[in-house]
């Protein structure tokens, strides 16, 4: 068993660095509920109490896993993460660590992706482009992770080129979401019967660029079902996650909502057909799709939400239905989108934000009323009446 112990100033530096990383990451997971808690953690990191916190915590690395051990008298639980310099192909995440005669319970294992994800675009935009040059040893070598019972898995597993298996000795627990991205050899992801969507209404299942994966869900689940490796609500009306790698993707008839980030980051799909049964499309639902070139929009959608196509720069044209009268999202100019032609078929608009739509884009409208509204909403490019 290989053990490394961090002490003194190294512990303090590690704690401060860990809290900064967690602050950035978890504010994306939760919204207002967790924001206040982590804001307090940030204040703690810069207060005189940090020294005491450092004294109450010990960080050790055991067989490729780093454990932060809280003072057992405080009633707190420790946490685990991967040791970045480990070259092991398999690691075991313990639920308890013995150190100097004391036993420390471990509550969480956190995928630590902050060190190698490009921060040019935050997760708010979806699965952004990643800096593939920043593979660290544990990511390059890891093939299997085994999680002891009673340990929750949190965070996002990003850029593990050889990861094949994540297994649980006890109950499968992903309290804040199941997130895997660019793990091309990952074989299976299992959704247990009691797994639910996350509190902040973001899709709790987001698995992209994992071409070898098979997603299964417990048949007893009242929340999810899997059809053709894509994740839906139990009744099939909400599309949560598209892992499917077909070039021409057709949303199933009967789906009424495409959830936030549902197709975001899928780099194989070239066209998307959205049937008229779809009434709502969530934020960033089709963003960061490197090869998306065409979208057939449902005639029932009334609102274009934030960043639906953001960073899908090969999508040049959009034909929007008569009922779509509200545009709340940003177009982002040529930096985030490269639209050349947008057709708006509504007779009037309720709300709009077109200031970030590139002036190089040509917009075609039904009448002069919509043309004038586009000017009021900030569009500076050419407008043509159909």
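In this note's numbering, the protein residues as written are 141 to 526.
For each residue, glycine too, the CB sits at the ideal point set by N, CA and C.
Residue range of the unbroken beta strand (DSSP E) whose run includes residue 379: 378-381
Close Cβ partners of residue 233 (< 8 Å) along its chain, the five nearest in sequence each way excluded: 205, 220, 246, 249, 285, 286, 287, 288, 291
Contact set for residue 226: own chain, Cβ-Cβ below 6 Å, skip 5 residues either direction: 204, 278
C-beta contact flag for residue 324 and residue 351 at 8 Å: It is a contact, given that the beta carbons lie within the stated cut-off.
Under 8 Å between C-beta atoms of residue 383 and residue 414: For residue 383 and residue 414, no; Cβs fall outside 8 Å.
Element boundaries [alpha helix (DSSP H), containing residue 508]: 508-516
Distance, residue 432 Cα to residue 310 Cα: For residue 310 and residue 432, the distance between alpha carbons rounds to 40 Å.
Short Cβ contact (8 Å threshold) for residue 282 with residue 244: no
4-residue-minimum alpha helix (DSSP H) runs that sit fully inside the stretch 403-445, ordered along the chain: none
Helix, strand or coil at residue 476 [DSSP, three-state]: In the three-state DSSP reduction, residue 476 falls in the helix class (H, G or I).
Residues near residue 312 in its chain [Cβ-Cβ closer than 6 Å; skip 5 each side]: If the five residues before and after residue 312 are omitted, its C-beta is found closer than 6 Å to the C-beta atoms of 332, all from its own chain and listed in chain order.
Same chain, Cβ closer than 6 Å to residue 491, five either side skipped, listed in chain order: Only 466 meet the Cβ criterion.
Endpoints, the alpha helix (DSSP H) within which residue 278 is located: Counting along the chain, the alpha helix (DSSP H) containing residue 278 begins and ends at 277-281.
8 Å contact criterion, which residue 419 and residue 439 should meet: CB distance rounded: With a Cβ gap of about 10 Å, residue 419 and residue 439 do not count as contacting.
DSSP three-state assignment for residue 396, whether helix, strand or coil: Coil.
Reduced DSSP category for residue 369 - H, G, I as helix; E, B as strand; rest coil: coil
C-alpha gap between residue 506 and residue 517, whole angstroms: 16 Å
Residue 393 vs residue 409 beta-carbon contact at 8 Å: no
Selection from 336, 522, 305 that minimises the alpha carbon distance to residue 326: 305
Cut-off 6 Å between Cβ atoms - residues of its own chain near residue 488, not counting five sequence neighbours on either side: 509
Run of the beta strand (DSSP E) containing residue 222, from where it starts to where it stops: 218-222
Residue 458, enclosing beta strand (DSSP E) - first and last residue: 457-460
Residues that DSSP places opposite residue 243 in a beta bridge: 238
Contacts around residue 357, its chain only, beta-carbon distance under 7 Å, and the 5 residues preceding and following it disregarded: 331, 364, 365, 366
Environment of residue 328 [buried if 16+ CB atoms lie within 10 Å]: It is exposed - the Cβ of residue 328 has fewer than 16 other Cβ atoms within 10 Å.
Backbone secondary structure at residue 307 - three-state DSSP: strand
Proximity to residue 498 [Cα-Cα], best of 484, 483, 522, 485: Residue 498 has its Cα closest to that of 522, out of 484, 483, 522, 485.
Helix, strand or coil at residue 286 [DSSP, three-state]: strand
Cβ-Cβ separation, residue 481 to residue 502 (assumed contact under 8 Å), whole Å: About 5 Å; that satisfies the 8 Å criterion.
Buried versus exposed call for residue 322 [16 or more other C-beta atoms within 10 Å across all chains shown]: buried
Environment of residue 525 [buried if 16+ CB atoms lie within 10 Å]: When all chains shown are included, residue 525 counts as exposed.
Check: residue 511 C-beta below 7 Å from any heavy atom of the ligand ATP: Annotation note on the ligand ATP: not contained in the displayed structure, which lists no ligands.
Cα-Cα separation between residue 369 and residue 222, rounded to whole angstroms: 29 Å
7 Å CB neighbourhood of residue 449 in its chain, flanking five on each side removed: Once the five neighbours on either side are set aside, the close Cβ partners of residue 449 are 426, 427, 455, 477.
Per-residue burial, residue 475 [other beta carbons within 10 Å of its own, 16 or more giving buried]: exposed
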